[in-house]
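One structure below.
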Amino acid sequence: MPTQNPHRIVGLCTSSKVYNALTELKHLEGHRSAKFLSLLTQNLVRKGLLNEQEVVHMLDQVVN
Numbered sequence: 001m002p003t004q005n006p007h008r009i010v011g012l013c014t015s016s017k018v019y020n021a022l023t024e025l026k027h028l029e030g031h032r033s034a035k036f037l038s039l040l041t042q043n044l045v046r047k048g049l050l051n052e053q054e055v056v057h058m059l060d061q062v063v064n
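Each residue of the sequence shown is one higher than the one before, starting from 1 at the first, in full-length UniProt numbering.
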């Protein structure tokens, strides 16, 4: 039985929290991965670590 919010389990390292949240329910894995990456990218652009042109270039590489 899946755990509600598996990333909230005390004692997990950050990478385990992300992995558990993204892979808990296999039918949602792609959606969760895309949502996580979109939020991560949005934060990086907002903080000035990436710009939108760089994001578009990476997306071009993904879809080609």
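Ideal Cβ positions, reconstructed from N, Cα and C, are used throughout, including at glycine.
Everything numeric in this text was worked out from a predicted model, so none of it was measured.
For residue 48 and residue 10, the gap between their C-alpha atoms comes out near 32 Å.
Counting only runs of 4 or more residues that sit fully inside the segment 8 to 42, the alpha helix (DSSP H) segments are 14 to 23, in chain order. In the three-state reduction of the DSSP assignment, residue 59 falls in the helix class. Here the C-alpha atom of residue 44 lies approximately 22 Å from the C-alpha atom of residue 20. The Cβ atoms of residue 22 and residue 15 lie no closer than 8 Å to each other.
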